[in-house]
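So the structure is just underneath, and the comments pick up after that.
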Amino acid sequence: MKNMAPTEERVGIVVCAAYAEGRRIGDITLDEIPYALQREDSFVWLGLYEPDEALLAEVQARFGLHDLAVEDAHKAHQRPKMEIYGDSLFVVLRTARWDESAETAVYGETHVFVGRNYLVSVRHGASQTYRPARLGCERQPQLLAHGPSFALYTLMDFVVDNYFPVLSDYEDRLDDLETDIFAGGADRDSTQEIYELKRELVTFRRAVLPLIDVCTDLISLRVTHVPDAVRPYFRDVLDHLKRINDTLDTMREMLATVLQVSLALASVRQNEVTKALAGWAAILAVPTVIFGLYGMNFERMPELHWPFGYPLVVGATFAACGWLYRRLRRSGWL
Amino acid sequence: MKNMAPTEERVGIVVCAAYAEGRRIGDITLDEIPYALQREDSFVWLGLYEPDEALLAEVQARFGLHDLAVEDAHKAHQRPKMEIYGDSLFVVLRTARWDESAETAVYGETHVFVGRNYLVSVRHGASQTYRPARLGCERQPQLLAHGPSFALYTLMDFVVDNYFPVLSDYEDRLDDLETDIFAGGADRDSTQEIYELKRELVTFRRAVLPLIDVCTDLISLRVTHVPDAVRPYFRDVLDHLKRINDTLDTMREMLATVLQVSLALASVRQNEVTKALAGWAAILAVPTVIFGLYGMNFERMPELHWPFGYPLVVGATFAACGWLYRRLRRSGWL
Amino acid sequence: MKNMAPTEERVGIVVCAAYAEGRRIGDITLDEIPYALQREDSFVWLGLYEPDEALLAEVQARFGLHDLAVEDAHKAHQRPKMEIYGDSLFVVLRTARWDESAETAVYGETHVFVGRNYLVSVRHGASQTYRPARLGCERQPQLLAHGPSFALYTLMDFVVDNYFPVLSDYEDRLDDLETDIFAGGADRDSTQEIYELKRELVTFRRAVLPLIDVCTDLISLRVTHVPDAVRPYFRDVLDHLKRINDTLDTMREMLATVLQVSLALASVRQNEVTKALAGWAAILAVPTVIFGLYGMNFERMPELHWPFGYPLVVGATFAACGWLYRRLRRSGWL
Amino acid sequence: MKNMAPTEERVGIVVCAAYAEGRRIGDITLDEIPYALQREDSFVWLGLYEPDEALLAEVQARFGLHDLAVEDAHKAHQRPKMEIYGDSLFVVLRTARWDESAETAVYGETHVFVGRNYLVSVRHGASQTYRPARLGCERQPQLLAHGPSFALYTLMDFVVDNYFPVLSDYEDRLDDLETDIFAGGADRDSTQEIYELKRELVTFRRAVLPLIDVCTDLISLRVTHVPDAVRPYFRDVLDHLKRINDTLDTMREMLATVLQVSLALASVRQNEVTKALAGWAAILAVPTVIFGLYGMNFERMPELHWPFGYPLVVGATFAACGWLYRRLRRSGWL
Amino acid sequence: MKNMAPTEERVGIVVCAAYAEGRRIGDITLDEIPYALQREDSFVWLGLYEPDEALLAEVQARFGLHDLAVEDAHKAHQRPKMEIYGDSLFVVLRTARWDESAETAVYGETHVFVGRNYLVSVRHGASQTYRPARLGCERQPQLLAHGPSFALYTLMDFVVDNYFPVLSDYEDRLDDLETDIFAGGADRDSTQEIYELKRELVTFRRAVLPLIDVCTDLISLRVTHVPDAVRPYFRDVLDHLKRINDTLDTMREMLATVLQVSLALASVRQNEVTKALAGWAAILAVPTVIFGLYGMNFERMPELHWPFGYPLVVGATFAACGWLYRRLRRSGWL
């Protein structure tokens, strides 16, 4: 196995390499996997991207994976979870990436099979390649020497680190929303934006929340697949997830408050409008009543015959309006 | 038992067959059941549809079922649950089917008795036949060889798979509702639709949620009736139920938000209407005041005698209205 | 004890009988209780209705009941609970009955002391007699032979079965409420009805909910007072309670939604009224302005001198109103 | 110790007595405490009221109390809790009393140190004297013989019994509030009352709720300081606390509903006002239009020259108004 | 080690001292740390403020700290937590300080490493110096003799005590808000203040809440790093945190109620405005109708020719207005 042939170029296989004592000892073909698995001190890292059914079946046969897990890996659209099948783990992760053009997060899915001496990852949809994670891993041979569970940590850490930019973009949207509402009041658009942000946060939360259980399980002593020295690393991932979850909880609470606040602001605005309406109606009532008064056809209305009756009445009317306007202004109705 | 007579045609009995080593070895009559039950390596699968009291009593006697369980199976309208009576299990499932004509889900009920070497299912109401599930089962003899608990899994998986189309129809209704509200605003119909969707989701949830406990119990080591090799299959059903539950939770949360959003939109709309009302009132106040002014009967009103007084005043009035209209339009009141 | 004298007629004692091997062997007096209690294979069933302090004290002395429990039984107004005093149980139940005339539920209270070979029930307030439960019990001697714990089950089952009609009446009220609100809109009466229904459901829930804990405790292995064969019966009562609780939860959730919906409908209605107001104001503005126009006193207003000026202007005004009416109607403002 | 001198009159000391076999054997001075503590079969009951630092320090020294507990007892403003320091208990209680003049509850605080053979209570603020509780205790020597833990029960029972009148006063206030809102509608005052009641209930709840944990701990077998025979008494206190808590939960839920209901009623009222406004505007539009019509200055308006034109038009106008009024009345707009 | 050189002046090091039997025996340099650590009966207290990476790396090497913990300590922006790495503890605290000028709380972060015989604290951002806490510690040598865990308690106690003034400032802001809303009604500013207060309380809560778990863990027997005699001190800190948390819960609940109440008040205000509008419209309708009436041009209108027709009509009009005004005033519309 020292002089291994380069990985056969096969659609769906991103990487297939053997590691010993934390160091990559070379790429191998699918056919060489059984020999690699026999070596006590090494493990195989196989990375797949949207494999077809035939390839998955072959991989299942080589590693002896459980039917139900492979079925899941083929169908995708699972919720994040960890299942234990005998001495192997099956982990489902949801990856998230911010799509600048659509201004929304797009989600992918990764399924990871971890055995005593292998790690098989199956990527689906809009996820980034795990190459950076793998390279980072290879730079820490003393840790990678702990075996596939440390490789699993690297993948999870990579996935979770990619949640932060998405989270931060959502925080920006919430900030913009707050500014809009307190500056311009609640309107149709801001209400719709609240709703859409809410919906996207719920979706994001569904990706993140179950991972907390997965990490908690991986840390617990119940799961014997993770060496003690690797456990603190999963605790670190758990810590990141809790921070994300805290932020999501905060945003969720603030978003609910924003909705109520926008309702309150609409009520306040309604009051202002109605008061303005009432105020102007009051001001306009003055000329209406006075002009109506002198439009009456009584025979004996002395004012009508005064030489300066007309300018006097009009002047008095406008004076009254002006006085009323100032008074209403001062009392906050206009 | 090699040459078994065909199942007697009896109302209420859908199927009564004996299985050995995962293969169907033939239909049997109710009378042959005791002999079949004596064989160590075989089990009996009895499917009933709305049996009468006499048939249920006979079945109870043949299999030694507990009084309370049989009472439940006769009455229907139970909540999903699992009870352990000694070495037999009693499982109640609620089945759901989308009724296209009524645009709603209709529910049925299935009660399953599982013993060491028998499975008795009792169907009530609007449920599909379990024939497809049974046939699927028979195509996997190596799994069916695990006995009645695998048959139970097949039934539950079938029931749960039938929840998905119902769920998806409800999701469509929620999507339509959102589109309606953001396009046309909240009206009487959309409010009623929110309420009805809410009610139906609550009902659906009542069917699904208790099954999660049932599956969790079936997986737990406490229940010794399920062989270790079958447990992962129930875990798979549990996983589906959790996904359904997640979606229901999301819908429930979004529906609550929709209701609040529709209230907010109604407030926004109210503001717009009041502003329009105030705006037009302001515009109309102009001619009212001016026309009232020149309707006064003062003796000395010079404008009245101007040759072009009339067209001038009318023109000025309409110009003022036009200017006001543009100004209000620009400031968003009209 | 074969030839026991008939029960002394004493106010507060409903029944005092001895049972052996599940069969009633006859009525006994309070004085005979100690002898009856000495017999290994029999038990005493004593039913009291609002006993006075003296009677309670005597009963306490005969059965050796704990001070605190007797104090509770005397005071009533306890919450449902189960207490263990050494080898005896003390159970508090709240009974409910639908009062047709008041259209509300009325509550009573029953306290039950259960020892190794006795059951003492103390009824307070508006509860039905337990005679039917006792007779039903006596028809199942093979079960009653399990002793006082089965008698306790019969009482609890009777109490819980009496919750269902109450529940169903509340469901009818909620249905009526929904119909009212969606048909006629939310008004003062429907809002008050929501509030009152809410209050009554909360009270009902307080009677039912703690019983779930009581039943869970009675089923648990921790309580050694209940033989294994009787446990499934309490599980059955628990099941009924869970169904009631599910329904109450649903009603509670729907009632909260009804309140929000009625708020939304009031907003929608408010919009409609304001729009109608604005619409009619617009229509009426037409004649107001035009009639004002021709009420002006300008010397030179040619239209005033046209022979058909008057009918023309009035006709044009009404035509404009008609056109406006149709337009507003079409756009949904009227 | 038989002929003990009367308690020295010292500010801050309410009582300092020795008890043996459940009977008070006499008052003692602080200096005699060490001798009293040496006797196996007796215990010391020391009651303090707002002691100064010197007195507390002396008491601490005599009984060997823990620094942190004494610090708490000096500072007051603790939340109700129980701490175990070796073989002694430290319990913090909040006492409540209804202040008739202020129509609100006032709170005090009591700290109790309970050792193997002593009980020290420290009262702060608006609490009643524990004399009645102590006297009641002394009337039950057979129970008091259980030692200081029974004395602790008496104090707690006394404190909890004093919660009931407070609770009942709050219930009255909620009832009044409901009556007000359904009779007169939601106004500024009722809204403020809702808010204030809410705030006071939250404060009350903070006094009561932590005591439930204290009682649960005192009952649990983990706390070995309470003899088995005394445990049921704490269970009785727990029961009272649960009833108070139930009532508080109900009030809290109803208060939230009242707030929503008052919002709904305000909306309903707003609708009525707007409808009335619109209705009257419609009625008044009739004379406005008609009178405007005949105010026009057309040369040829035949009606103006009819002999009975004036009364006819005025009559018709009022008839139209009357007809409109009746129609609007019937359709619920007025 | 008796005559230790003074601490080297190095940026980032606030203090580096050795303690034995609870007494400070002198300052030491980083290089002397290994010798100090070898002594059984002493411990090293190292205080850092925003150390650079080089210093942290050196410290890590001297004390043998875990990579992940040091990484956390360097990055800051962690949530409060406690991690156990073998026989050392890593605690993250968030410090809070009220910034008078900005009228808001500013947060800092402190990371503490506690080993068998060392305590390393790393301060970040807006936190106060721990000098007062350290000095207080040194005044209690008998307690400090318990080792680094008591020093940890002193730091935590200091941090938590600094929460109280912040909390109290927030309580003041809530009180002001209540006063504003009930005095002047809900307006734009009070709504925004509610929102901002809510946001700040959520942030504050995130700092406090996780510390409760940290304290609970430190008290639990699972954590063997804390001697039994020190545990009550952490219980005291826990008690303070619970009081803060109780207050925060209360404020959170009241703030939610304030928001609803302000909505209710806006509705009430809206009713008042609309009623005032309707009332004045009614009053003004009187002259409008009457003046319109006598503005009609009928040939035969007898009133027009009455000598006192004009003053009579005007007088009657104003009388009617006055009567209407009084009536509306009395019925609460004006």
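Chains as they are written, first to last, in the UniProt record's numbering: chain A, 1 to 334; chain B, 1 to 334; chain C, 1 to 334; chain D, 1 to 334; chain E, 1 to 334. Just so you know, even glycine gets a beta-carbon here, dropped at the ideal spot from N, CA and C.
Range of the contiguous beta strand (DSSP E) that encloses residue i
i	result
L89/B	88-99
D45/B	For the sequence presented, residue 45/B should be read as Trp rather than Asp. It spans 42-49 - the beta strand (DSSP E) in which W45/B sits, taken as one unbroken run.
D161/D	From DSSP, D161/D is part of no beta strand (DSSP E) but of the alpha helix (DSSP H) over 148-161.
8 Å Cβ cutoff, residue i in contact with chain A
i	result
A5/E	Model confidence at A5/E stands at a pLDDT of 41, short of 50, so the residue's coordinates are unreliable; what they give is reported in the following sentence. Chain A, which has no Cβ nearer than 8 Å to the Cβ of A5/E, makes this no.
N271/E	no
F291/E	yes
E8/B	With a pLDDT of 47 at E8/B, under the threshold of 50, the modelled position of that residue is not reliable, and the figure given next carries that caveat. E8/B does not count as touching chain A.
CB contact below 8 Å: residue i versus chain D
i	result
residue 343/E	Chain E is shown only over 1 to 334; residue 343/E falls outside these bounds and no answer can be derived.
T288/E	yes
Q260/E	yes
Y195/C	yes
M1/C	For M1/C, the predicted model reports a pLDDT of 39, less than 50, meaning its position is unreliable; a value from the coordinates is still stated below. No, M1/C does not count as interfacial toward chain D.
Interface flag, residue i vs chain B, CB-CB below 8 Å
i	result
E83/A	yes
P165/A	no
S331/C	no
Neighbouring residues, chain C, relative to residue i (Cβ below 8 Å)
i	result
R265/D	At residue 265/D the sequence reads Leu, which differs from the Arg that was named. Per Cβ cutoff of 8 Å: R188, T191.
Neighbour flag for residue i against chain E, beta carbons, 8 Å
i	result
E299/A	yes
A320/D	no
Per-residue contacts from residue i into chain C (C-beta, under 9 Å)
i	result
A281/D	L277, W280, A281, L284
N243/D	In the sequence under discussion, the amino acid at residue 243/D is Arg, which differs from the Asn named in the question. Those are H77, Q78, R79, listed as they occur along chain C.
Element boundaries [alpha helix (DSSP H), containing residue i]
i	result
M251/A	231-293
Y195/E	188-219
Listed by chain order, chain B residues near residue i by CB distance under 7 Å
i	result
A253/C	Residue identity check: residue 253/C is Glu in the sequence provided, not Ala. V202, listed in chain order.
F182/C	Q192
H305/A	E299
Contact check, residue i vs residue j, beta carbons under 8 Å
i	j	result
S121/C	S190/C	no
A207/D	R97/D	no
A126/A	A186/E	no
S88/E	V112/E	no
Chain-ordered chain A contacts of residue i [CB-CB under 9 Å]
i	result
T274/B	Q270, V273, T274, L277
Chain-ordered chain A contacts of residue i [CB-CB under 8 Å]
i	result
H66/E	P232
Amino acids of chain E, ordered along the chain, whose beta-carbon sits closer than 8 Å to that of residue i
i	result
R206/D	D246, T250
Note to self: If contact is defined by three or more beta carbon pairs under 8 Å, each pair taking one atom from either stretch, is the stretch 36-47 of chain C in contact with the stretch 154-168 of chain C?
What the structure shows: With the cut-off at 8 Å, the stretch 154-168 of chain C and the stretch 36-47 of chain C do not touch.
Notebook entry, point to check: Would you call the stretch 47-61 of chain A and the stretch 78-95 of chain A in contact, with 3 or more CB pairs under 8 Å?
Noted result: Counting Cβ pairs under 8 Å, fewer than three are found: no touch.
Check: Can we say the stretch 277-294 of chain E touches the stretch 287-294 of chain C, given the rule of at least three CB pairs closer than 8 Å?
Finding: Taking 8 Å as the limit for Cβ pairs, the verdict is that the stretch 287-294 of chain C does not touch the stretch 277-294 of chain E.
Next item on the list: Evaluate contact between the stretch 140-150 of chain A and the stretch 93-108 of chain A, counting only Cβ atoms and requiring at least three cross-stretch pairs below 8 Å.
Entry: Of all C-beta pairs linking the stretch 140-150 of chain A to the stretch 93-108 of chain A, fewer than three are shorter than 8 Å, placing the two stretches out of contact.
Checklist line | Validate contact between the stretch 205-213 of chain C and the stretch 290-303 of chain D using beta carbons, cut 8 Å, 3 pairs | finding: The stretch 205-213 of chain C makes no contact with the stretch 290-303 of chain D; the number of CB pairs closer than 8 Å stays below 3.
Note to self: Three Cβ pairs or more, each shorter than 8 Å: is that satisfied between the stretch 166-184 of chain B and the stretch 249-257 of chain B?
What the structure shows: Under the three-pair Cβ rule at 8 Å, the stretch 166-184 of chain B counts as touching the stretch 249-257 of chain B.
Check: Taking three-plus beta-carbon pairs below 8 Å as touching, is the stretch 312-326 of chain C in contact with the stretch 312-329 of chain B?
Finding: Verdict: no, contact absent.
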